[in-house]
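Asks:
Here's what the structure looks like:
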């Protein structure tokens, strides 16, 4: 009974995620696609909860739904033809797209098949935030710092690129 | 000169005379039942339901009760808002329906229910319908982690006693910006779109200092779990001395004031209500909404106001810890007290301009909150 319910939640989430992901790729209305992406992001967060990674799930929603997606929708609305509701995306370069997508898919399948995932811990998940914090500023301090410096450089680069040059504005 | 002075005095004193009466009414009348709810449910349910399902039943019933109360919250909050507004402007406000107009909002609610539900012909029908639902879902779902007390046996009175409570709060409230964008775009109306864009820019900007200021608290307490944060504020002089705003004296007080300002901005309340500035944008993102869908946005707004106030009370004002022991009633007094302050500010302060609003956020609030985060963690580390 318990495991059936859990399995139903998993398959329901997976189906919901896949459906919204397909809509993001195949849909024609750009704004609808952007909002459909929210379903996918949320599905990922639910999967994290399902795996007992509560902190990761929260971070997923904060960063992807609250940050990335909002900025994306904002960007879509700012770009062009703002008064035209049927802002649409066409299908261009079908063959190269299909090829690269197929290659990435094959790569993912190969990796998933070749890694030994070990046994899943099926116990009641405990709080994870403390151990994540200790690992981030302890064992993995250097990668953490490198990632943050990289992000800072990207941020400054973006600000540099969009800066209006004096005299040419 | 004297009349000017009299005006200012009236503005400041008008709501003050009202606050004690109103708080007693609101808190005692409607909310006193709330803290008992979870405890009562878990007691009652224990005898009838098999052990395996007990948790589920408690959660479902608790959620149902909580949603019911949240749906009632705007009704008396709107009455309160109109009363505060009236007293600030030296009027009486609603007086006819019920004692001092207490039933006015019920009448208005019934009116909204029966209004025709309009969707503009060229609107994006899917997004237009989805937006109010998302708005209300994000406002109500966040209440799941708001605890309102701890029973003597250590059971936390909350719908969900999440370990990452604060993070969940930040995550869920960020959906509100998306709902506003969805409404603004879906209406296919230029005022609605401008309102939606302004709201999204504002909410995304002010989310940053809000998160940092929450981190100030989290870093001092060392936990994302809200009951732990409250537990760190218990004791002290008169049960008040250890509230976080009194710890590390000026730093946390500044953090509290900034957090409250950010809360005002995130709930789009005056002086940060440019997304629905009626003198510029008709009604902003909900220009095209009518009837129940409009009411949903209102429910979400008043839900968010209460949410921000309650969170400020939990993080900085000691939650349910007060001078006469810890009691859920104290928590509700603090929460609703801050709601009254929000309303008071709305009718006292003028609206900021768009550029001023962003300037306040990026030039002042964010640097100060970063400074507070560094200062509090350094001091805590040295202690």
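Chains as they are written, first to last, in our numbering: chain A, 1 to 169; chain B, 170 to 552.
Backbone N, C-alpha and C define an ideal beta-carbon position, used for all residues, glycine too.
Less than 8 angstroms between the C-beta atoms of residue 286(B) and residue 453(B), yes or no?
Replies: The answer is no: Cβ separation not under 8 angstroms.
Asks: Checking contacts by CB at 8 angstroms: is residue 70(A) closer than that to chain B?
Replies: By this cut-off, residue 70(A) is an interface position.
Asks: Kindly say whether residue 127(A), judged by its beta-carbon, lies nearer than 8 angstroms to any beta-carbon of chain B.
Replies: yes
Asks: At least one CB of chain A closer than 8 angstroms to the CB of residue 337(B): is that the case?
Replies: yes
Asks: What first and last residue would you give for the alpha helix (DSSP H) that runs through residue 539(B)?
Replies: 535–551
Asks: Pull the bridge partners of residue 325(B) from the DSSP assignment, please.
Replies: DSSP output for residue 325(B) lists 319(B) as bridge partner(s).
Asks: If you count every other CB in all the chains shown that lies within 10 Å of the CB of residue 110(A), and 16 or more means buried, which is it?
Replies: Exposed.
Asks: Is it true that the region 304–311 of chain B meets the region 342–352 of chain B, where meeting means three or more beta-carbon pairs spaced less than 8 angstroms apart?
Replies: yes
Asks: Can you pull the chain B neighbours of residue 54(A), defined as C-beta to C-beta under 9 angstroms?
Replies: 331, 332, 333, 336, 337
Asks: Can you tell me which of the three DSSP states residue 386(B) falls into?
Replies: helix
Asks: Can you tell me whether residue 50(A) is helix, strand or coil according to DSSP?
Replies: helix
Asks: List, in order along the chain, the chain A residues whose C-beta lies closer than 7 angstroms to that of residue 376(B)?
Replies: 66
Asks: Using a Cβ cut-off of 9 angstroms, which residues of the region 364–375 of chain B contact any Cβ in chain A, in chain order?
Replies: 365, 366, 369, 370, 372, 373
Asks: Got a sec: is the Cβ-Cβ distance from residue 144(A) to anything in chain B below 8 angstroms?
Replies: Residue 144(A) has a beta carbon lying at 8 angstroms or more from every beta carbon in chain B.
Asks: Residue 484(B) to residue 413(B), Cα distance in whole Å?
Replies: 7 angstroms
Asks: For residue 248(B), which of helix, strand or coil comes out of DSSP?
Replies: Residue state, collapsed to three classes: helix.
Asks: Could you tell me if residue 96(A) is buried or exposed, where buried requires 16 or more neighbouring beta carbons within 10 angstroms of its beta carbon?
Replies: exposed
Asks: Pick helix, strand or coil for residue 524(B), following the three-state DSSP scheme.
Replies: helix
Asks: Considering only residues of the same chain and omitting the five flanking positions on each side of residue 351(B), which have a CB-CB separation below 7 angstroms?
Replies: 296, 299, 300, 303
Asks: Look up residue 473(B) in the DSSP assignment and say whether it is helix, strand or coil.
Replies: helix
Asks: Nearest-angstrom Cα distance between residue 59(A) and residue 340(B)?
Replies: 7 angstroms
Asks: I need the straight-line Cα distance from residue 45(A) to residue 16(A), nearest angstrom please.
Replies: 12 angstroms
Asks: Using 8 angstroms as the threshold, is the C-beta distance between residue 369(B) and residue 425(B) below it?
Replies: One thing to note: residue 369(B) has its Cβ no nearer than 8 angstroms to the Cβ of residue 425(B).
Asks: For the alpha helix (DSSP H) that residue 431(B) lies in, which residues bound it at each end?
Replies: 418–435
Asks: Taking contact to mean 3 or more Cβ pairs, one atom from each stretch, closer than 8 angstroms, check whether the region 495–514 of chain B and the region 433–442 of chain B are in contact.
Replies: Enough Cβ pairs lie closer than 8 angstroms, so yes.
Asks: Who are the near neighbours of residue 553(B) in its chain, counting only those whose CB is closer than 6 angstroms to its CB and skipping five residues on each side?
Replies: Nothing can be reported for residue 553(B): it is not among the residues displayed for chain B, which extend from 170 to 552.
Asks: With a threshold of 16 other CB atoms inside 10 Å of the CB of residue 51(A), please say whether the residue is buried or exposed.
Replies: Answer is exposed; the Cβ neighbour count stays below 16.
Asks: Going along chain B, which residues have a C-beta under 8 angstroms from residue 38(A)?
Replies: 347
Asks: Do residue 545(B) and residue 388(B) have their beta-carbon atoms positioned less than 8 angstroms apart in this structure?
Replies: yes
Asks: Less than 8 angstroms between the CB atoms is what I'm expecting for residue 337(B) and residue 314(B), so what's the real figure, rounded?
Replies: 5 angstroms
Asks: Taking just the CA atoms, how far does residue 55(A) sit from residue 284(B)?
Replies: Using only the alpha carbons, I get a separation of about 43 angstroms.
Asks: In chain A, which residues lie less than 7 angstroms from residue 340(B) when you measure between Cβ atoms?
Replies: 58, 61, 62, 66
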